[in-house]
Amino acid sequence: MSELQLKDLYDGFRDPDVIKALAKSIIDEAKHLKEPLKLMEVCGGHTHTIMKYGLKQLLPDRIDFIHGPGCPVCIMPKERIDHAITLAQMSDTILLTLGDMIRVPGSKSSLAVERANGYDIRALYSPLDALRIARENPDKKVVFFAIGFETTTPMTAALLELVEKQGITNLYFHINHVLVPPAVDAIMADGQAKINAFIGPAHVSVISGAKIYQPLPEKYSTPVVVSGFEPIDVLQSILMIVRQKNEARCEMEIQYSRSVTLEGNTKAQEMIEKFMEPRVHFRWRGIGDIPYSALALKAQYAAYDAEKIFADILPTEPIDDHKLCICGTILKGLAKPNDCQVFGTACTPNTPMGSCMVSSEGACNAYYRYGAIK
Amino acid sequence: MTRPKQIQLSHGGGGEETNSLIHDLFYHHFSNDTLLAAEDAAVLDVKNKIAFTTDSFTVSPIFFNGGNIGKLAIAGTVNDLAMMGAKPLYLSASFIIEEGFTFADLESIVKAMAEELKHSGAKIVCGDTKVVPKGAVDKLFINTSGIGEIEKEGISANHLQEGDVIIVSGDVGRHGAAILMEREGLGISGDLQSDCATLWPAVQALIDANISISAMRDATRGGLSAVLNEWAEQSAVCLEIEESSIPVDEAVQGICELFGFEAFDFANEGTCILAVPQKDVQSALDALHEVEVTKKATIIGQVSRKKEGRVILHSAYGSSRYLDLPKGELLPRIC
């Protein structure tokens with residue numbers, strides 16, 4: 001990675017003068033909006049940007065944010081986390097997963113608690129580290145609890161390809177990869193969330209291409225602007241949406257054009273298609289079953305499929321969240337974190353009742369962490 | 375007897391091998407009259423009020439860019455004393471070593487400790503060695519305790535006053551970022567080094583310049599965020615910080631962007647935060663700028679009463695947010 005200048009990742013996208021100028025343009029143009037703008041940022045990364053950089057404070061009240069279902073940790077139902085725990089508790093097993101998933105409560109426990117209980121549970125920085133761990137532990141079953149939207153799915157597919165090529169026989173996959181378009185469709189079809197525009201996910205679109213959002217403007221009369229994660233990206237996207245509204249346009253546009261194309265990364269898409277296919281049912285935490293909203297390994301890769309190989313021990317009953325937790329309502333765009341009566345009291349990042357408080361991409365976590373200073 | 379290449383259980387057994395390890399390695403590098411007296415306890419000559427501290431060091435990897443566990447064990451304990459306005463005088467050093475640890479690595483760690491002691495003039499006057507079976511510890515744990523003579527009283531996390539100015543002695547987050555890069559084998563090139571260093575010379579410069587110091591703390595685990603939040607809570611004040619004034623190394627910022635971390639949450643091992651009254655700000659900066667490890671000291675904010683117990687971060691473009699205490703283990707974001 002010596003060619004990569006880390007500074008390039010953020011430099012130029014946080015210039016205070018540009019941020020101020022963009023905010024002013026939005027304020028000026030928002031005066032002409034016929035109705036208040038309720039923007040859904042589908043992706044938790046955008047929620048994080050909005051809260052971390054205090055962008056809402058720069059914008060008029062007529063522009064409000066509704067947080068969407070685009071956090072892969074937040075949407076994981078308890079029964080899937082129970083799967084991970086059950087697999088981790090098998091003898092001679094190493095369970096691998098990514099990021100905050102380790103802290104999300106299942107029905108009775110979490111992976112972090114089970115790790116403290118002595119089970120070998122590790123959070124990876126890259127899925128490809130699983131290869132090394134499997135090779136170094138030939139006498140153990142290594143289970144990769146794979147999570148994430150379209151963004152991380154190619155890494156799982158690439159890992160599978162290497163496992164196959166290298167003839168590794170002790171690495172199993174528990175696939176929990178989910179898809180953005182069916183989730184957005186489910187929320188819009190429900191009709192309760194009053195959303196009149198979308199900020200489209202950034203990294204998801206790099207892989208899938210912006211084409212996956214093309215049906216939305218026509219289907220729901222909602223503009224979509226695919227946006228990068230920097231504060232300037234988000235503000236520019238909001239300005240583009242305000243302009244569409246004022247010009248009575250309703251289109252899919254790409255703000256994040258430095259990384260996103262209409263077609264996306266076709267090589268990554270092919271690799272995913274080689275190994276995975278949509279699964280008929282997948283239950284989203286708090287939202288319920290959204291058909292064809294997640295992926296599973298194809299039948300010919302059953303030898304790697306932890307859900308099939310260890311099916312006998314995996315629980316199958318759906319498990320609902322705590323009655324007081326409104327994560328589901330938040331993920332459906334019907335409530336904000338501080339509408340929840342346990343927000344910041346019984347539910348905090350140290351004692352999370354719901355997944356939205358656990359994940360650094362969760363709306364509750366962002367609200368709790370960065371607060372709203374009046 | 376030829377020296378073995380690895381530490382064996384017998385080196386902790388109390389017999390000839392232990393004796394040889396203590397004399398040939400520890401006494402050799404930490405040599406001073408009190409230690410060489412080899413009594414059951416060190417007899418110390420202290421005239422004034424003393425500060426006393428202890429810390430255990432379990433870093434992984436034990437060798438990292440900018441230091442090793444030994445340098446860290448000395449700098450960490452010496453800095454804890456210095457932050458209380460105490461001149462570090464006497465340290466203990468206790469080693470818990472995993473069977474099989476290489477003698478060469480142990481020696482280079484001990485040498486680094488001896489080298490780091492020179493920056494404060496403190497001495498190791500007592501110690502202990504245990505060797506435990508393979509797997510009982512992760513390579514090597516070191517505990518250091520320290521005693522320092524108070525040269526400036528009244529420095530306390532409870533003493534921040536409205537109007538005090540907050541200074542940071544250097545850029546933040548380098549130790550945490552350097553350790554993360556090495557631990558996870560992230561493969562990011564560059565010369566990112568831990569800030570691991572002894573801060574006593576800087577504190578001495580402040581004392582010599584007769585600066586009033588309301589509070590001073592090295593921003594170790596939990597980083598800048600933890601220190602500022604602890605101060606806001608303990609002194610029941612609001613700390614208002616200008617985000618753009620906080621120095622962060624480009625490589626550290628890059629790692630944070632890549633993995634979704636906050637540089638303010640990363641540990642430092644040679645960077646401290648000070649709260650000083652407005653009247654002393656310039657003299658404090660002048661004193662700090664004279665010392666190598668604090669030559670980039672800069673003002674980052676001030677104490678107010680706006681929101682007691684909270685830290686507010688102001689952006690350069692007019693918004694603000696809370697800077698909260700880091701929570702849980704540092705885990706990278708997923709997408």
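Protein chains in written order, with this note's numbering: chain A, 1 to 374; chain B, 375 to 709. Backbone N, C-alpha and C fix where the C-beta goes; we use that ideal spot for every residue, glycine too.
Proximal residues of chain B, C-beta to C-beta of residue i below 7 Å
i, result
"residue 183 of chain A", "By Cβ distance, chain B contributes nothing, its closest Cβ being about 14 Å from residue 183 of chain A, past 7 Å."
"residue 103 of chain A", "702"
"residue 344 of chain A", "Result: empty, since nearest Cβ-Cβ is about 11 Å, beyond 7 Å."
Residue i at chain B interface by Cβ criterion, 8 Å
i, result
"residue 236 of chain A", "no"
"residue 461 of chain A", "A query on residue 461 of chain A cannot be resolved here, the shown segment of chain A reaching from 1 to 374 and no further."
"residue 137 of chain A", "no"
"residue 10 of chain A", "yes"
"residue 288 of chain A", "no"
"residue 367 of chain A", "no"
"residue 349 of chain A", "yes"
"residue 53 of chain A", "yes"
"residue 7 of chain A", "yes"
"residue 95 of chain A", "no"
Any chain A beta carbon closer than 8 Å to residue i
i, result
"residue 692 of chain B", "yes"
"residue 695 of chain B", "yes"
"residue 682 of chain B", "no"
"residue 568 of chain B", "no"
"residue 631 of chain B", "yes"
"residue 380 of chain B", "no"
"residue 435 of chain B", "no"
"residue 481 of chain B", "no"
"residue 689 of chain B", "yes"
Where residue i falls, given that 16 or more other Cβ within 10 Å makes a residue buried
i, result
"residue 191 of chain A", "exposed"
"residue 397 of chain B", "exposed"
"residue 257 of chain A", "exposed"
"residue 244 of chain A", "buried"
"residue 8 of chain A", "exposed"
"residue 642 of chain B", "buried"
"residue 313 of chain A", "exposed"
"residue 461 of chain B", "buried"
"residue 578 of chain B", "buried"
"residue 114 of chain A", "buried"
"residue 441 of chain B", "buried"
"residue 69 of chain A", "buried"
"residue 717 of chain B", "Not covered by the structure: residue 717 of chain B. The range shown for chain B is 375 to 709."
"residue 128 of chain A", "exposed"
Neighbouring residues, chain B, relative to residue i (Cβ below 8 Å)
i, result
"residue 57 of chain A", "692, 693 and 694"
"residue 69 of chain A", "Those within 8 Å of residue 69 of chain A in chain B number zero; the least Cβ separation is about 14 Å."
Beta-carbon neighbours of residue i, restricted to chain A and to distances below 9 Å
i, result
"residue 634 of chain B", "45, 48, 99, 360 and 361"
"residue 599 of chain B", "Result: empty, since nearest Cβ-Cβ is about 10 Å, beyond 9 Å."
Neighbouring residues, chain B, relative to residue i (Cβ below 9 Å)
i, result
"residue 78 of chain A", "Result: empty, since nearest Cβ-Cβ is about 19 Å, beyond 9 Å."
"residue 191 of chain A", "Under the 9 Å cutoff, chain B gives no residues; its nearest Cβ is about 28 Å from residue 191 of chain A."
Beta-carbon neighbours of residue i, restricted to chain A and to distances below 8 Å
i, result
"residue 679 of chain B", "In chain order: nothing, as chain A lies at least about 15 Å away."
Chain A contact residues for residue i, given Cβ-Cβ distances below 7 Å
i, result
"residue 698 of chain B", "369"
"residue 707 of chain B", "99, 360 and 361"
Residues, ordered as in the chain, of the region 602 to 628 of chain B that lie near chain A by beta-carbon distance below 8 Å: 618, 624, 625, 627 and 628
Please list, in chain order, the residues of the region 14 to 47 of chain A that have any C-beta partner in chain B closer than 9 Å. 14, 15, 16, 17, 18, 19, 20, 23, 43, 44 and 45
With 7 Å as the limit, tell me which residues of the region 115 to 142 of chain A have their beta carbon closer than that to any beta carbon of chain B; keep them in chain order. 123 and 125
For a minimum of 3 consecutive residues, which ranges assigned as the beta strand (DSSP E) are wholly contained in the region 579 to 660 of chain B? 589 to 592, 612 to 616 and 646 to 650
In chain order, each alpha helix (DSSP H) run of at least 4 residues that lies wholly inside the region 437 to 500 of chain B: 443 to 456 and 477 to 491
Report the residue ranges of all alpha helix (DSSP H) runs contained in full by the region 6 to 49 of chain A; include only those spanning at least 4 residues, in chain order. 16 to 30
Going along the chain, which unbroken runs of the beta strand (DSSP E) with 3 or more residues stay wholly within the region 197 to 260 of chain A? 197 to 200, 224 to 226 and 252 to 254
Every unbroken beta strand (DSSP E) inside the region 72 to 157 of chain A [3 residues or more]: 93 to 98, 120 to 124 and 141 to 148
So within the region 379 to 425 of chain B, which uninterrupted alpha helix (DSSP H) runs reach at least 4 residues, ignoring any that extend past its ends? 390 to 395 and 407 to 410
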